[in-house]
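**Q** Read top to bottom, the protein sequences are chains S and C.
So the first sequence is numbered by this note's numbering: it starts at 7 and just counts up by one.
So the second sequence is numbered by this note's numbering: it starts at 2 and just counts up by one.
Cβ coordinates follow ideal geometry from the N, Cα and C atoms, glycine included.
No experiment lies behind these values; they were computed from the predicted model shown.
Can you keep this structure in mind? I'll have questions shortly.
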Amino acid sequence: MAWTREQMAERAASELRDGFYVNLGIGIPTLVSNYIPPGMSVQLQSENGMLGFGPFPYEGEEDPDLINAGKQTVTEIPTTSFFSSADSFAMIRGGHIDLSILGAMQVAENGDLANWMIPGKMVKGMGGAMDLVAGVKKVVVVMEHSAKNEAKLLKRCTLPLTGAGVVDMVITDLGVFTIDKRGGGGMALIELAPGTTHEEVRNKTEASYRIAQ
Amino acid sequence: MKKLYPDAQAALAGLLRDGMMIMAGGFGLCGIPEVLIKAIRDSGVRNLTVVSNNAGIDGVGLGLLLDTKQIKKMISSYVGENKTFAQQYLAGELEIEFNPQGTLAERIRAGGAGIPAFFTRTGAGTMIAKGKEEREFEGARYIMERGLVADLSIVHAWMGDTEGNLVYRKTARNFNPMMATAGKVTVAEVEHLVQPGDINPDHIITPGIFVKRMIHVPNAEKHIEQRTVRRRSDAPAGTGEEI
C-alpha cells in the first residue's frame, strides 16, 4: 500500500518545526496545512503579499481583496501582515522563509527541479516557483513517484529546469528521499512507504540513490 | 497642480500612443485598475507591451485588451487563466516574456528606484538565464536582470487623497506600489477619495510624488477568480472546498 495524497501531505508536515515560516504550493502541498501539529506555531506565506493566513472564509464572507497565491479566497488571522510583491519576494529570495513545499514534474539526483513547462505545450509560466526554490532555506518536493509508468526521479531532468541543484527532499507515494544538493553526496532513500518494497522503488526510479534507512 | 480628473478618459488624455509600454497593477483579478483598463480599451490604442503579473481572464481585466487584440506583448509570470491568451499566442499574434514573479517584482522596484540592473539567484542554470550576464558571489551563481520603466503605469488603490497619497487594502496591494514608482507617468484609481490630512501619514504606502493623475472609482466592480469557502465548523488553514 503506497501512501495516499493525504498521507504524503502528513509526511511532509513532519518537516515543520515550531516557529517556521512556510510557503506551500498548489495541489498536495496545500493539504500539508491540515497536518500542522496542534500547539506548533507555523506561519504560512502567500507570495502575492500575505504572511499568516487562515482557512477559507464562510460562505458569504468572501473578500475579493483577500486571496492567496492560488487566487483562492482566504481569511486573516491575528498574526496576519500584508505587503507588496517586492517585499514578499525579499522574504523568499532573502532566505527568510524556512521551508517551501511544492509539486514537480521531474527531480534529478543532483537536486535539479523541473515543474513549469513542457516544450511544445502551452506554457502558463513559472509564477513564483523559480524564486522560491532559489531562495527558501529548505525545499521539499511532494509528487507521485512516477507518471504513466515514466520515472520522475531521474539522473538528469529532460524538461526545462525551474532551478538547478535546489531540492533537499522528495516525498513520493512510495517513500522519502534526501538530496545532498550542496555537498554533492547524491540522493538517499531514507524511508519506504508501508507495504512498498525496495524492488518496486528501484524499478520505478531512474536516479541512482543509496539506501539509508 | 491638480491631480484629480473627472473620469478615466480624461485622466488618460494625451498619455496613450501605439506601441507604448504600460504597467498594470494587480495579482490575478485582485487589485486590478479595471476602470482605467476599460478606458484604454475604448481609446483603441494598439501594439501595447503590457507588464502585469497575469493577463486577466476572458472578458475581465487585461482580458478586455486581449479580446480587442490591442496587446502585442505581455511581460508576466503566469497566464494560465486566459483562453483568449492561449489562442492568440498559439496563432503567433501575441508575444510573451515570462519572468519569475519575484524577478518581475524586483525589476519594477529597481526601475522605479533608478537601478538599471541587479543580480539574482532566481533562474540561474535555467533557460531564463540565456543571454544574461552571469556572476558568482560567495560561491553561488547569479544572473543579471534589468530594471523596468514603463511609459505609463496604472494602479488601483483602496484610498487616496487629492495629493496622490495612496493606501491599499489587504492582498490588493501586490504589484501596485512598485508599479506606481516605475511609470514615467502613473495614473491611480482610488475607491475612497479623501482630503490631504485625512490619511494618517504613517499609514501611507505610496507617497503622492509617484502619482501624477488620479480618478475616483467609488463603484469599481471586484471579481473573485477562485471562490473557496468552508462550512460553519472549525477547519484549519487552507482547508475547505471549492464551489
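Between Ile76 of chain C and chain S, is the shortest Cβ-Cβ distance under 8 Å, so that the two count as touching?
**A** For Ile76 of chain C, the answer is no, since every Cβ of chain S falls outside 8 Å of its Cβ.
**Q** Looking at the C-beta of Leu167 of chain C, does it have a partner C-beta in chain S at a distance below 8 Å?
**A** So, not an interface residue.
**Q** Expressed to the nearest angstrom, what Euclidean distance is found between the alpha-carbon atoms of Gly133 of chain S and Gly115 of chain C?
**A** Each residue's Cα considered, the two are about 25 Å apart.
**Q** Considering Cα atoms alone, identify which of S:Asp104, S:Val207, S:Lys130 is closest to Ser152 of chain S.
**A** Closest by alpha carbon: S:Val207.
**Q** Would you kindly report the start and end of the unbroken beta strand (DSSP E) that includes Pro84 of chain S?
**A** Residues 81 to 88.
**Q** Check whether the Cβ atoms of Ile38 of chain C and Leu153 of chain C sit closer than 8 Å, and answer yes or no.
**A** No; because the gap between Cβ atoms is not below 8 Å, this pair is not in contact.
**Q** Which one of S:Asp118, S:Phe95, S:Lys158 has the shortest CA to CA distance from Gly55 of chain S?
**A** Per the Cα distances, S:Phe95.
**Q** Using CA coordinates, which residue listed in S:Gln13, S:Arg23, S:Gly25, S:Glu53 is at the minimum distance from Gly31 of chain S?
**A** For the residues S:Gln13, S:Arg23, S:Gly25, S:Glu53, the minimum Cα distance to Gly31 of chain S belongs to S:Glu53.
**Q** Would you tell me roughly how many angstroms separate the C-alpha atoms of Ile244 of chain C and Pro35 of chain S, rounded to the nearest one?
**A** With a pLDDT of only 46 at Ile244 of chain C, under 50, the local geometry of the prediction cannot be trusted, and the value read off the model is given with reservation. Looking at the two C-alpha atoms, the distance is approximately 20 Å.
**Q** When Cβ atoms are compared, which residues of the stretch 208 to 237 of chain C fall closer than 7 Å to chain S?
**A** Listed by position along the chain: Lys223, His224, Ile225, Glu226, Gln227, Arg228, Thr229, Val230, Arg231, Arg233, Ala236, Pro237.
**Q** Note down, in chain order, all residues in the stretch 154 to 179 of chain C with a beta-carbon under 9 Å from any beta-carbon belonging to chain S.
**A** Answer set for the stretch 154 to 179 of chain C: Trp159, Tyr169, Arg170, Lys171, Thr172, Ala173, Arg174, Asn175, Phe176, Asn177, Pro178, Met179.
**Q** At which residues does the alpha helix (DSSP H) containing Asn74 of chain S begin and terminate?
**A** From DSSP, Asn74 of chain S is part of no alpha helix (DSSP H); its letter is neither H nor E.
**Q** When DSSP labels each residue in this structure, what does Ile32 of chain S get in the three-state scheme?
**A** Coil.
**Q** Run through the DSSP bridge pairs and tell me what Thr211 of chain S is partnered with.
**A** Looking at the DSSP assignment, Thr211 of chain S forms no beta bridge with any residue, so it has no partner.
**Q** Near Thr184 of chain S, which residues of its chain fall below 6 Å by C-beta distance, leaving aside the five closest residues on each side in sequence?
**A** Hits under 6 Å: Met175, Ala194, Ile196.
**Q** Look up Arg216 of chain S in the DSSP assignment and say whether it is helix, strand or coil.
**A** Arg216 of chain S: strand per DSSP, three-state reduction.
**Q** Distance, Cα to Cα, Gly26 of chain C vs Arg170 of chain C?
**A** Going by the C-alpha atoms only, they are around 13 Å apart.
**Q** For the stretch 127 to 181 of chain S, list the alpha helix (DSSP H) runs that are entirely contained and at least 4 residues long, ordered along the chain.
**A** Listed in chain order, the complete alpha helix (DSSP H) runs (minimum 4 residues) inside the stretch 127 to 181 of chain S are 135 to 141.
**Q** Below 8 Å on C-beta distance, what does Phe99 of chain C contact in chain S?
**A** What Phe99 of chain C touches in chain S: Val129, Gly131, Met132.
**Q** In the DSSP output, what is Leu195 of chain S paired with across the bridge?
**A** For Leu195 of chain S, which the question treats as bridged, DSSP gives the partners S:Phe183, S:Ile217.
**Q** Just checking my contact of Val46 of chain C with Asp19 of chain C at CB under 8 Å: how many whole Å lie between their CB atoms?
**A** Their Cβ separation, rounded to whole angstroms, is 6 Å, which keeps Val46 of chain C and Asp19 of chain C in contact under 8 Å.
**Q** Taking only beta-carbon positions, decide if Asp71 of chain S is within less than 8 Å of chain C.
**A** Yes, its Cβ sits closer than 8 Å to a Cβ of chain C.
**Q** Beta-carbon of Gly201 of chain S versus every beta-carbon of chain C: anything under 8 Å?
**A** Not closer than 8 Å to any Cβ of chain C, the Cβ of Gly201 of chain S fails to qualify, so no.
**Q** Could you name the residues of chain C that Arg17 of chain S contacts, counting a contact when the two beta carbons are closer than 7 Å?
**A** Correct list: empty, because the minimum Cβ distance to chain C is about 17 Å.
**Q** Examine chain C for any beta-carbon lying closer than 8 Å to the beta-carbon of Gln78 of chain S, and answer yes or no.
**A** Answer yes: the Cβ-Cβ gap between Gln78 of chain S and chain C drops below 8 Å somewhere.
**Q** Between which two residues does the beta strand (DSSP E) holding Gln231 of chain S run?
**A** Because residue 231 of chain S is not part of the residues shown, which for chain S are 7 to 219, the question remains open.
**Q** Distance, Cα to Cα, Lys185 of chain C vs Gln219 of chain S?
**A** Cα to Cα, the separation comes out at about 60 Å.
**Q** Between Met21 of chain C and the rest of its own chain, which residues show a CB-CB distance below 6 Å, the 5 nearest in sequence each way excluded?
**A** Answer for Met21 of chain C: Asp152, listed in chain order.
**Q** Once the 5 residues before and after Val48 of chain S are set aside, which same chain residues still bring their CB inside 7 Å of it?
**A** Answer for Val48 of chain S: Leu22, Phe26, Val28, Ile42, listed in chain order.
**Q** Thinking Asp137 of chain S and Thr104 of chain C are a contact (beta carbons under 8 Å), I'd like their distance in whole angstroms, please.
**A** Confirmed, about 7 Å.
**Q** Looking at chain C, is there any beta carbon in it that lies within less than 8 Å of the beta carbon of Thr164 of chain S?
**A** No - not a single Cβ of chain C is within 8 Å of the one on Thr164 of chain S.
**Q** Is the shortest distance between the beta-carbon of Thr168 of chain S and the beta-carbons of chain C less than 8 Å?
**A** Cβ-Cβ to chain C under 8 Å: yes for Thr168 of chain S.
**Q** At what residues does the alpha helix (DSSP H) containing Met14 of chain S begin and finish?
**A** Met14 of chain S -> alpha helix (DSSP H) spans 11 to 19.
**Q** At a CB distance below 7 Å, what residues from the stretch 13 to 31 of chain C approach chain S? Give them in sequence order.
**A** Per Cβ criterion, the list reads Phe28, Gly29, Cys31.
**Q** Starting from Phe182 of chain C, trace the beta strand (DSSP E) both ways and give me its first and last residue.
**A** Here residue 182 of chain C turns out to be Thr, not Phe, going by the sequence shown. Counting along the chain, Thr182 of chain C falls outside any beta strand (DSSP E), though it belongs to the alpha helix (DSSP H) covering 177 to 183.
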